[in-house]
Structure formats: structure tokens, C-alpha cells
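Asker: First, the structure itself, so that you have it in front of you.
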Amino acid sequence: MVARRVVIGIGNEYRRDDGFGPWVVAELAARRADDPRLDGVDLRVSDGEPSRMLQAWSGADLAVLVDVAAGDRTGWCEVSLPEDAGPGGPVASGHAIGLGDTIRLARVLDRLPRRLVALVAYGREFGFGPGLSAPVAATIRPVTERICELVAAS
Amino acid sequence: MTHRYERVIDVRALARVEGEGAMHVRVRDGAVEDVRLEIYEPPRFFEAFLRGRQHTEPPDITARICGICPVAYQMSACAAIEDACRVTVPASIAALRRLIYCGEWIESHTLHIYLLHAPDFLGYGSALALAKDRRDLVERGLALKQAGNDLIELVGGRAIHPINVRVGGFYRVPAPGDLAPLRERLRVALDQALDTVRWVAGFDFPDFHHDHEMLSLCTPGTYPIETGFVTTTGGLCFDVRQFEQHIVEEQVPHSTALHARLAGRGRYLTGPAARFTLNQHWLTPLAREAATAAGLGEDCRNPYRSIVVRAVETVYAVEEAIRLIDAYEPPPAPAAVVPARPGTGRGATEAPRGTLFHRYDLDPDGRITAARIVPPTSQNQAAIEDDLARFVAGRLDLDNERLTAQCEQAIRNYDPCISCATHFLDLHVERA
Chain Z
959 MVARRVVIGI GNEYRRDDGF GPWVVAELAA RRADDPRLDG VDLRVSDGEP SRMLQAWSGA
1019 DLAVLVDVAA GDRTGWCEVS LPEDAGPGGP VASGHAIGLG DTIRLARVLD RLPRRLVALV
1079 AYGREFGFGP GLSAPVAATI RPVTERICEL VAAS
Chain U
595 MTHRYERVID VRALARVEGE GAMHVRVRDG AVEDVRLEIY EPPRFFEAFL RGRQHTEPPD
655 ITARICGICP VAYQMSACAA IEDACRVTVP ASIAALRRLI YCGEWIESHT LHIYLLHAPD
715 FLGYGSALAL AKDRRDLVER GLALKQAGND LIELVGGRAI HPINVRVGGF YRVPAPGDLA
775 PLRERLRVAL DQALDTVRWV AGFDFPDFHH DHEMLSLCTP GTYPIETGFV TTTGGLCFDV
835 RQFEQHIVEE QVPHSTALHA RLAGRGRYLT GPAARFTLNQ HWLTPLAREA ATAAGLGEDC
895 RNPYRSIVVR AVETVYAVEE AIRLIDAYEP PPAPAAVVPA RPGTGRGATE APRGTLFHRY
955 DLDPDGRITA ARIVPPTSQN QAAIEDDLAR FVAGRLDLDN ERLTAQCEQA IRNYDPCISC
1015 ATHFLDLHVE RA
């Protein structure tokens, strides 16, 4: 039986670097025809809303989340979840139930995938409009390649 | 010497409401002196950057105002633009609009009931804490919400900020066969919605009532969603085109959202309780039966019972979606042609949180020269503040921590969407 693998690009393509996740998913979709490692991989874009995230990754053997974080650093990092779900806190609103809250809820509901990996680029420009800043755009290729390695190994 | 005792409660960031706002209460000599619902989320200037855009653009732009109720913004925008352009869409397109709107009612009401409001009544700090004890309940809520999401996604192209809605109708319409699997999913959702009504009906509701005039669209023959006359419990009934003659907005110093009042009459309340009070006779028999069994009477003036009304409206929306799917025949064309023409158009629909009004002024090329958006939360602010003043007055024996928690719950009764209203919660209580 083939493992179910899902890649979820989180973000809004019209808020500059926040569009990193959707950009990576688009890159994977374009690359699928030439890269057999991506056969059967479920590619999705999400705004990160909790119920849709739970639906997207429930029952998956591997879920790769692609997101962006604001900060002064450049490049990207790989975080294995759920052991490191990030700091918790009170949920401020339905608009702002973050990834950490969603992972905690999934854990309580027993709806975490067998393996959850987050690939996170560091972004600086979150204004209006499409297009990534040059440092974030430069991480698309290495992040895409790492996703291909992850899905091929699962 | 008289000792003056001042008590101040500050809620600096309200939890489990949509957006950023605060509440400030000043109590002097044992009496509530001032209550301010402070919306401090920055203004987002949607009305300003709509100016100069083409008349075809508001559905896509205004959908971005809210991630919870984008369909409402799209539908009110379409109604207003089509009014300006003197176009009436065919009944088949209107039915498809009502169908996608049902999806939004289901997902928005369920989000508020399960993830934001129910934990208050059950003594939990969050849905996560509730899920640790009652996983079955949260799973039910998520499944019901998903049915709404799926409906929006099928008709609107995606579950958030739908991309398939345009002035005049849609870019493409589903084939009847596309809707069949969803109909089966909605049959399951109907049972989940009915279970939700029975669940929330069992909550302990504080004895608290208001006397606000209540306002909703009314559509003879059906429960109002995407159209209707503006009607109030005080006897007003007027066409949406007269909205601005009857509704006056004003700036208040403590809020970045405008306050709305009924001209010559004052504060009013819109939202599920108002819709139910003015329109319950148009609910489906099953939804009415569920409402009666849940203890809802001829009107709903206890804001805490709004959660029951939301659950009843969810039942209605699921049933209505099933009815619309059963009756669905694809329109001859996905959209009516809406040629540009100069003029002013007004549109209002019933967002999950209440009546949402849009107005656009168009030049001869169809460019927008002025836009006005009146969301439900800004209309409700004065009524919420009045309720809070009376609510706090009856609970002055509580310490600040408990009073703050109860004030936050009271505010959540209204499901305020601060992000939509910004032009809002921290609780500050001053006791003197």
C-alpha cells in the first residue's frame, strides 16, 4: 500500500513573502511531470484555517508544511513536529488560531499525521501584492528539493 | 469625609472574538459610569481603495475584508453593483448565490458555536481544553463546519475568499452531478446540526434581557439570507435603497469602527437573534420544531441564547442547501451581463453576524467614485455597550478577574467581527 503524502503550502500569494508556501506548491506542481518522486503526492494550498488543515493531513503518513516566518534571519529551516509545536497561548480569535494551536488540537483529537515536517523560510516583506523578496525566492529551489527527498523517503 | 471608590476594569485584548478590541469599564461610587467597547484594530481603508476600481472588482476585493464571512461581502457587493447597473440576475443564479451563502452560514455559525462560544458555557478556557474532555463534541463541530467549507469550495472555487463569484453571477456553475455527493454529506450534517441545537439548548443561560430595537432583512415567504426589505421590531420597514436615510453612522473617540444608529430612534441590534425574532415563521418546520424544543419563544432578547439561534439557523441552512441542490438546474449562462453605467447602487444581505450593507457610486465608465460598507458589528456596538453597562452593574461584587471573564463571554454573545468593523477588545474597569 502506497503511503499517503501531502504537501501543504500555507500562505497568501497576495501578501508578498507570505506567499512562499503557495509558490513552493506551484513549483512542485510544475515539476511533477518530470520528477517521479512526486507521483501520488497530494499538493495543497491553505490559509492555515484549523479545520481545513486537520482535514488535509488527517490519515497521512507524511505531511510537509511549507510556511514562512517573519524575522531578521535569512534562508530556511526544517522543524519536525509535533514534538516542537512552538509556544502555546490563548486563542485570540477564529481569525488567529495558529499552527501551534492547530497541532495541539490535532494531537488531542488523534488527527496528527504519522510524521509532520515543517519547512519554514524567513521572510521580511509582508505588504500587499504578489511576488517574493529575493532572499525568500532564493529558498524555493532548496526547499522544493528537500520536499522531494522527504516524500521519496516515505 | 466621603470616600470615593473608583474601580477600573481593562480587558486589553478580548479572546475568542474576531479581531482586536478592548473593553473599558469605569465604576464610580458603586455605579457604572462608563462602558466603552474599544475597537483599536487599525482601519483598513477598504472603502478608500475601492475608489477608482472597476465596477466588476468589488466582489474580489471586499471578500478580503473577512476570512470568516467573505461570501457575505461578495453577495452584498454584487447586489449593490447590480442595483447601480439596473440588472436583475435570473432566479437560477440567485438560487446558486443562496446555496453558497448557506455554506457560509454553516461554517461561520459552527466555528463560533464550537470553537469560540460553547467553551464559555461549559467552563473551559478554549476549544482545545474542551476537546481534551469531550473530543466527540469538537469532532462533531469540525465535521459540521467542514460541510459548510465543502459547499463554499464547490460553488465558490475555494473555501476561503471564493474566486468563482462575479458581478452578475459566477465564472462557472456546477453540473448537477457535482452537487450529488455534497447532498449526501449535508444529510449527515443535518443530524449533526440538530444534535448541536439539543446540546446548546442544555446550557445554563444567565437571566439577562435587552430592549433594543432589532433589525433584519425580511423576505416574505422565506428566511432572509441574500435579499429582503430592512425591517425592525419597532415597526420600520424600508427598501435597502433607503438604508442611508434610516441608518446614521457616527465616529466615536474610542473606536476605529463607526457606530450606527437608527435615525431619530437610537441603538439597535442586528444578527441571528434579530433575524430569528423577525422571521422565525419562515423557518422550515424542522428548524422551527428544533427552536421550540430548545426553548426559544416568539422573540429572542436574551443575548446568551444567541448560541441557540445560531444552532437553529445552522439547521435551517443545511436544510435549505439540500432543498436548493434538489431543485438545482444550471443557469443558461453562468452570469448575467452587467454593463457599466453611471449611478448609485445599494445592496444588503444577511451575513452570519447580521445585516451587511454596501453602496457604490459609479461613473459612466463603471469606475467606482465612492464606496460605503456598513458591517454588522459596527451597527451592534452601541447596543453591546448598553448591555455591558447593565451586565456589569449587576456583577459589581465580582473581583476584576471574574468580572473580566464574564464580560468577555457577554461580548462573545454577539459574535463581533472586529476585523470587519474596523473603522475594535482590552477590558478596562475603573472603580472609583
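Sequence lines, in order, name chains Z and U. Positions 959 to 1112 (the working numbering) are the ones given, in order, by the first sequence. Positions 595 to 1026 (the working numbering) are the ones given, in order, by the second sequence. All C-beta atoms, glycine included, are put in the ideal place defined by N, C-alpha and C.
Look up U/Ser720 in the DSSP assignment and say whether it is helix, strand or coil.
Answerer: U/Ser720 falls in the coil class under three-state DSSP.
Asker: Ends of the alpha helix (DSSP H) at U/Arg779?
Answerer: Looking at the DSSP string, the run of the alpha helix (DSSP H) that includes U/Arg779 is Pro770 to Ala795.
Asker: Show which residues of chain Z have a CB atom less than 7 Å away from the CB atom of U/Arg729.
Answerer: In chain order: Val1066 and Leu1067.
Asker: List the endpoints of the continuous alpha helix (DSSP H) containing U/Gly697.
Answerer: Segment Ala685 to Thr704, the alpha helix (DSSP H) holding U/Gly697.
Asker: My assumption, with CB atoms under 8 Å, is that U/Leu950 sits in contact with U/Tyr667. Please give the rounded CB distance.
Answerer: U/Leu950 to U/Tyr667, Cβ: 7 Å. Contact.
Asker: Name the chain U residues whose beta carbon is nearer than 7 Å to that of Z/Asp1059?
Answerer: By Cβ distance, chain U contributes Leu722.
Asker: Select from U/Arg869, U/Arg680 and U/Asp798 the residue whose C-alpha is nearest the C-alpha of U/Leu809.
Answerer: The shortest C-alpha separation from U/Leu809 is found at U/Arg869.
Asker: Return yes when the Cβ of U/His755 is within less than 8 Å of the Cβ of U/Asn896, no when it is not.
Answerer: Not in contact: U/Asn896 and U/His755 (Cβ atoms no closer than 8 Å).
Asker: Can you find a C-beta in chain Z that's less than 8 Å from the C-beta of U/Ile754?
Answerer: Closer than 8 Å to some Cβ of chain Z, the Cβ of U/Ile754 qualifies, so yes.
Asker: Quick one: using the 10 Å Cβ neighbour count with 16 as the cut-off for buried, is U/Ile757 buried or exposed?
Answerer: Flag for U/Ile757 reads exposed.
Asker: What residues in the region 984-1018 of chain Z have a beta carbon less than 7 Å from any beta carbon of chain U?
Answerer: Going along the region 984-1018 of chain Z in chain order, one finds Asp1005, Glu1007, Ser1009, Arg1010, Leu1012 and Gln1013 with a Cβ nearer than 7 Å to chain U.
Asker: Using a C-beta cutoff of 8 Å, does U/Glu733 count as contacting chain Z?
Answerer: True, the Cβ-Cβ gap to chain Z drops below 8 Å.
Asker: In whole angstroms, what is the alpha-carbon distance linking Z/Asp1019 and Z/Val1037?
Answerer: Roughly 17 Å between the two C-alpha positions.
Asker: Using a Cβ-Cβ cut-off of 8 Å, state whether Z/Pro1045 counts as contacting chain U.
Answerer: Note that Z/Pro1045 scores a pLDDT of 48, beneath 50, so its modelled location is shaky and nothing firm can be said.
Asker: From U/Arg680 to U/Gly763, what distance separates their C-alpha atoms?
Answerer: Taking the straight line from one Cα to the other gives about 14 Å.
Asker: Got a sec, what are the start and stop residues for the alpha helix (DSSP H) U/Gly860 sits in?
Answerer: Element bounds for U/Gly860: n/a, residue is neither H nor E.
Asker: Determine, using beta carbons only, whether U/Leu982 and U/Val665 come nearer to each other than 8 Å.
Answerer: Not in contact: U/Leu982 and U/Val665 (Cβ atoms no closer than 8 Å).
Asker: Just verifying my parser: in three-state terms, what is the DSSP assignment at U/Arg752?
Answerer: Looking at U/Arg752 - three-state DSSP - the assignment turns out to be coil, as it is neither helix nor strand.
Asker: Use the C-beta contact count for U/Arg859: other C-beta atoms within 10 angstroms, 16 or more gives buried, fewer gives exposed.
Answerer: U/Arg859 should be labelled exposed.
Asker: So which residues on chain Z does U/Asn974 lean against when the C-beta distance must stay under 7 Å?
Answerer: None at all; the shortest Cβ gap to chain Z is about 17 Å.
Asker: In this structure, does DSSP put U/Ile757 in helix, strand or coil?
Answerer: Reduced to three states, the DSSP call for U/Ile757 is coil.
Asker: Are the C-beta atoms of U/Thr1016 and some chain Z residue less than 8 Å apart?
Answerer: Bear in mind that a pLDDT of 45 at U/Thr1016, under 50, signals an unreliable position, so the number given afterwards is only what the model happens to contain. False, the Cβ-Cβ gap to chain Z never drops below 8 Å.
Asker: Please determine if the region 692-703 of chain U and the region 968-980 of chain U are in contact, where contact requires at least 3 C-beta pairs separated by less than 8 Å.
Answerer: The region 692-703 of chain U is not in contact with the region 968-980 of chain U.
Asker: Which of helix, strand or coil does DSSP assign to Z/Ile966?
Answerer: It is a strand residue.
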